[in-house]
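Taking it in order: structure first as structure tokens, then the write-up.
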Amino acid sequence: RKEVEQDPGPFNVPEGATVAFNCTYSNSASQSFFWYRQDCRKEPKLLMSVYSSGNEDGRFTAQLNRASQYISLLIRDSKLSDSATYLCVVNSGGGGADGLTFGKGTHLIIQP
Amino acid sequence: EADIYQTPRYLVIGTGKKITLECSQTMGHDKMYWYQQDPGMELHLIHYSYGVNSTEKGDLSSESTVSRIRTEHFPLTLESARPSHTSQYLCASSEYLSSATGVSYGYTFGSGTRLTVV
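Chains as they are written, first to last, in my numbering: chain A, 389 to 500; chain B, -3 to 114.
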């Protein structure tokens, strides 16, 4: 099983709709979780951290399910500008690079 | 506004040339990273550093080398560029936390260097 798995999509969604995607992770010791956004030919940018209790930032809601080892991202009232690749990011839980493992990303296309 | 800078932004160079990609950050972060990413593909970690005089190889084998003489500076060097090195190279940094805590901060990425070797 890969460390971080995401459905690559693309998800084609009409403007104004709600869209959600999940990401599963394999390391049960992981403690830090993030969603990054990457626009075409640009660098990834931190969208939001994911906290155990779930958290919301405007139209974006992130959830963590430790028992099933997945995190989710919900986007409400989607905008054309939300079109991007969303990267699920999980920390390794120590050792090695002691850093973050990036998923391959989910490609989202918001259609007018 | 960017606190992590990469130069050059674009580089087209001939096969066999030596090149150095620059990365500097002003946030005082201890940890720095180099990633390689082809268009539409995933990020691959090629080098990282815990701090001054620390360099480690990442998950993806790379013919490049790095150095960390100063906290803010983490250059990547290719001694002899080849067409297979054509890619986007992204530098990132983060605050360092002891691996014992299992907690990480998010990374801040530079704008990247798009390298083309002809």
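For glycine and all other residues, C-beta sits at the position ideal for the given N, C-alpha and C.
Just so we're clear, the structure is a prediction, and the values are computed from it rather than from any experiment.
Looking only at DSSP bridge pairs, what is residue i linked to?
i	result
Ile0/B	Gln21/B
Asp445/A	Phe448/A
Asn453/A	Tyr458/A
Pro402/A	Gln499/A
Lys27/B	Ser90/B
Thr61/B	Thr73/B
Lys53/B	His43/B
Tyr85/B	Gln32/B, Thr109/B
Val48/B	None, per the DSSP bridge assignment.
Considering residue i, what are the terminal residues of the beta strand (DSSP E) in which it resides?
i	result
Ile42/B	40 to 45
Tyr458/A	458 to 463
Pro71/B	That residue, Pro71/B, is in no beta strand (DSSP E); it is neither H nor E in DSSP.
Met37/B	Met37/B -> no beta strand (DSSP E), and no H or E assigned at all.
Tyr103/B	Premise fails: Tyr103/B is in no beta strand (DSSP E) and is neither H nor E.
Leu488/A	488 to 490
Glu393/A	392 to 394
Val8/B	6 to 9
Arg110/B	109 to 113
Thr473/A	472 to 479
Tell me which residues share the same chain as residue i and place their Cβ nearer than 8 Å to its Cβ, disregarding the 5 neighbours each side in the sequence.
i	result
Glu403/A	Ser466, Lys467, Leu468, Ile498, Gln499, Pro500
Gly102/B	Ser90
Glu68/B	Ser20, Gln21, Thr22, Gly24
Gly484/A	Residue placement at Gly484/A cannot be trusted, given a pLDDT of 47 that sits under 50; what the coordinates show is reported in the next sentence. Taken in chain order, the list of residues that qualify is empty.
Ile0/B	Cys19, Ser20, Gln21, Thr22, Met23, Cys87, Ala88, Ser89, Thr104, Phe105, Gly106
Val114/B	Val8, Ile9, Gly10, Thr11, Pro79
Mind pulling the chain B residues with CB within less than 7 Å of residue i?
i	result
Pro432/A	Phe105
Phe422/A	Gly102
Gly397/A	The premise fails here: Gly397/A is roughly 12 Å from chain B at the closest Cβ pair, so nothing lies under 7 Å.
So, for residue i: in the same chain, excluding its five sequence neighbours on each side, which residues have a beta-carbon less than 7 Å away from its beta-carbon?
i	result
Ala472/A	Arg425, Gln426, Asp427, Leu496
Identify, in the order they occur along the chain, each residue of the same chain with its Cβ nearer than 6 Å to the Cβ of residue i, setting aside the five sequence neighbours on each side.
i	result
Gly482/A	Any reading at Gly482/A needs caution, since the residue's pLDDT is 46, under 50, leaving its predicted position unreliable; the model's value is listed next. Once the five neighbours on either side are set aside, Gly482/A has no close Cβ partner at all.
His43/B	Trp30, Gly54, Val62
Thr406/A	Arg464
Gln451/A	Gly442, Ser460
Tyr413/A	Val392, Gln457, Val478
Tyr6/B	Arg110
Val401/A	Val407, Ser466, Ile498
Residues of chain A with a CB under 8 Å from the CB of residue i: which are they?
i	result
Glu38/B	Phe490, Gly491, Lys492, Gly493
Gly108/B	Lys430, Glu431
Tyr6/B	By Cβ distance, chain A contributes nothing, its closest Cβ being about 11 Å from Tyr6/B, past 8 Å.
Tyr1/B	Per Cβ cutoff of 8 Å: no residues; Tyr1/B is ~12 Å from chain A at best.
Kindly list, in the order they appear in chain A, the residues whose Cβ is closer than 9 Å to that of residue i.
i	result
Leu86/B	Glu431, Pro432
Can you pull the chain B residues whose beta carbon is under 8 Å from the beta carbon of residue i, in chain order?
i	result
Ser440/A	By Cβ distance, chain B contributes nothing, its closest Cβ being about 12 Å from Ser440/A, past 8 Å.
Ser437/A	Gly102
Complete beta strand (DSSP E) runs within the segment 408 to 436 of chain A (minimum length 3 residues, chain order): 421 to 426
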